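Have a look at the structure below before the remarks.
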């Protein structure tokens, strides 16, 4: 039997295209639906147009503002862990949809896991490693755990952003942004 680590290195969605659909996919975000035997899985990618209202300043370099997108998914409308199993099918499907979205070249992508959801944090850590293994234009910018607030944030940032920022400045900007969710 394969260990989880062995399985994760070859993870690929096996969900046929006929079982799911993009409701929307574009520069304003996206939504994908999959009516599976695990329930209805909904992936939501939402462009954050309110960040200047929330924290006073958008994530920007000089006069250039960067778009930030939030990614979340539900199972039968439930945002929290359902403890119903099926992660081995659901997470590969989610990873493939995020890869689809990254083809649009979003500048900053954010998703989170609640502090107490340790298994979700482990899955997200793995998911990010898998995504970035093939998405060379992106990198994970990690915030110190003291800045997590309610949960662990994941910021996947395109090289057009990282090239113009000093690493510490970008971490500070994302930390300030993240505080609006604490």
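Residue numbers (my numbering): 1 to 182. Beta carbons: idealized from backbone N, C-alpha and C, even for Gly. This structure is a prediction, so every number in the text was calculated from the model and none was measured.
Any alpha helix (DSSP H) of 4 or more consecutive residues that is wholly inside the region 39-117: 51-55 and 87-102
Outcome for residue 165 when other beta-carbon atoms lying within 10 angstroms are tallied against a minimum of 16: Indexing the chain shown from 1 puts residue 165 at position 165. Buried, by the Cβ-count rule.
Alpha carbon of residue 144 to alpha carbon of residue 73, nearest angstrom: Stepping through the chain shown from its first residue, residue 144 is reached at position 144. Stepping through the chain shown from its first residue, residue 73 is reached at position 73. Taking the straight line joining both Cα atoms gives about 25 Å.
Other residues of its chain near residue 115: CB distance less than 6 Å, five sequence neighbours each side excluded: Here the question's residue 115 lines up with position 115 in the chain shown. Answer for residue 115: 151, listed in chain order.
Spatial distance of residue 139 from residue 121 (CA atoms): For the purposes of this step, residue 139 is identified with residue 139 of the chain shown, where counting begins at 1. For the purposes of this step, residue 121 is identified with residue 121 of the chain shown, where counting begins at 1. Roughly 18 Å separates the two Cα atoms.
Inter-stretch contact (C-beta, 8 Å, three-pair minimum) for the region 99-110 and the region 154-171: yes
Residues of its chain near residue 135, where Cβ-Cβ distance is below 6 Å and the 5 sequence neighbours each way are ignored: Numbered from 1 along the chain shown, position 135 holds the residue referred to as residue 135. Excluding residues within five positions, the ones whose Cβ falls inside 6 Å are 102.
Paired residues, beta bridge with residue 152 - DSSP: Here residue 152 is taken as the residue at index 152 of the chain shown, counted from 1. Bridge partners of residue 152: 113.
Contacts around residue 112, its chain only, beta-carbon distance under 6 Å, and the 5 residues preceding and following it disregarded: Position 112 of the chain shown holds residue 112. So the qualifying residues of the chain are 151 and 153.
C-alpha distance - residue 87 paired with residue 171, whole-angstrom precision: As a position in the chain shown, residue 87 is number 87, starting the count at 1. As a position in the chain shown, residue 171 is number 171, starting the count at 1. Near 30 Å, if we compare the C-alpha coordinates of residue 171 and residue 87.
Pairwise C-alpha distance: residue 36 and residue 19: Position 19 of the chain shown, counting from 1, holds the residue named residue 19. Position 36 of the chain shown, counting from 1, holds the residue named residue 36. Going by the C-alpha atoms only, they are around 7 Å apart.
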